[in-house]
DNA sequence: CAATATAGTTCTATAATAGGACCAGTTGCG
DNA sequence: CGCAACTGGTCCTATTATAGAACTATATTG
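Pasting the structure below:
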């Protein structure tokens, strides 16, 4: 009755969810995108149990999504910083954000916003074809592992 | 000791994860994108326990991500079809896929691919500014709920 | 109309999470 | 310097969630 795992799946979606698809990892990564770096900051901001946070941070470090670096304030403590692999999760977090914005808020309800450096709200995520044309779900299909090109 | 919830959070990422951030929901949605619609198809493809699947499908219907429709083969059974809200999860699933492709496969390891109708692999997800310029994480910031525009 | 397929529900054992107690090293302050 | 508070954990227990199997009702096939 061990929790089902997908670390060996053919499907990259399954592997990604196996790695970071638990209840906390993406919220920790979101906080890291917002500039949080210290154990206590994550703990306070998320209201997560310290044992959970410890386990998740260690797993994220092991996955090379976060790395331990010396504290930026010169103290003897350490901080958790996003790696390139962690920063590559940006589109995933933005995707969740935009879906949440579009479907989970009543009109006028308060929420945070993602803006660019000038304060302008960002646009919607776009999936381009190789030639740059925007693709919708119905323009795509999944080619199974090992399937020959035609 | 009830599982922490984020249904009322200010942050759309937290709300989105509260709704569909469990171990199974996004895999079910991925399968739906791949064309699966029947209870038994999901169950066979995912290897999920039937009780879990039943609970997840009901929750996804309640969230209006899936809807029950008459079976397309004319039988008396029903099928689970993606709603517009469900189809809007496409960028999230693609984001997870692209992150998994980039970071969770050894060179040469078999995996499925997302291609367009001509069989060409799709491009990377892009976050455009209002003016169409592509934005990276470091070009953006989160404006907290209720913060005044400047 | 009997056998099998579909779509579940219910039950139990195991695994994961929440919350708190506890603890060692670091820092701030008088 | 000396002590209190802060930081960053570990460990333990109660509760919740998940996996897997057994069971059931309705639909379909032969």
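Residue numbers (the numbering used here), protein chains in the order written: chain A, 1201 to 1350; chain B, 1201 to 1350.
We put the CB at the ideal spot given by N, CA and C, even for glycine.
Just so it is clear, the structure is predicted and the values come from calculations on it, not from any experiment.
Close partners of residue 1283 (chain B) in chain A (Cβ separation under 7 angstroms) are lacking, with about 10 angstroms as the shortest Cβ gap. Sequence-distant Cβ neighbours of residue 1271 (chain B) in its own chain, meaning closer than 7 angstroms and more than five residues away, are 1277, 1278, 1279. Boundaries of the alpha helix (DSSP H) around residue 1232 (chain A): 1225–1233.
Taking a 10 Å sphere around the C-beta of residue 1320 (chain A), we find fewer than 16 other C-beta atoms and assign the residue as exposed. Below 8 angstroms, too few C-beta pairs join the region 1246–1259 of chain B and the region 1209–1218 of chain B to call them touching: fewer than three.
In terms of beta-carbon proximity, residue 1241 (chain A) stays away from the interface with chain B, with every pair separated by 8 angstroms or more. If you keep only unbroken beta strand (DSSP E) runs of at least 3 residues inside the region 1283–1329 of chain B, you get 1313–1316.
Around residue 1224 (chain A), the same chain offers 1246, 1248, 1252, 1253, 1256 as residues with beta carbons nearer than 8 angstroms, after the five sequence neighbours per side are excluded. With at least 16 other beta carbons inside 10 angstroms of its own, residue 1291 (chain B) counts as buried. Among the CB atoms of chain A, one or more fall inside 8 angstroms of the CB of residue 1303 (chain B). For chain B, the residues of the region 1302–1323 of chain A that bring a beta carbon within less than 8 angstroms of one of its beta carbons are 1302, 1303, 1304, 1305, 1310, 1311, 1312, 1313, 1314, 1315, 1316, 1317, 1319, 1320, 1321, 1322, 1323, in chain order.
Interface with chain B (8 angstroms Cβ-Cβ cutoff): residue 1345 (chain A) is included.
The count of Cβ pairs closer than 8 angstroms, one atom from the region 1326–1342 of chain A and one from the region 1302–1322 of chain B, reaches three, so the stretches are in contact. Straight-line measurement puts the Cα of residue 1209 (chain B) at about 35 angstroms from the Cα of residue 1240 (chain B).
Within the region 1324–1343 of chain A, the residues whose Cβ lies closer than 7 angstroms to any Cβ of chain B are, in chain order, 1325, 1326, 1327, 1328, 1329, 1330, 1335, 1337, 1339, 1340, 1341, 1342, 1343.
Annotation for residue 1227 (chain B): 1246 place their beta carbon closer than 7 angstroms to its own, counting only its chain and skipping 5 residues before and after.
Any Cβ of chain B closer than 8 angstroms to the Cβ of residue 1270 (chain A) would place that residue at the interface, and such an atom is absent.
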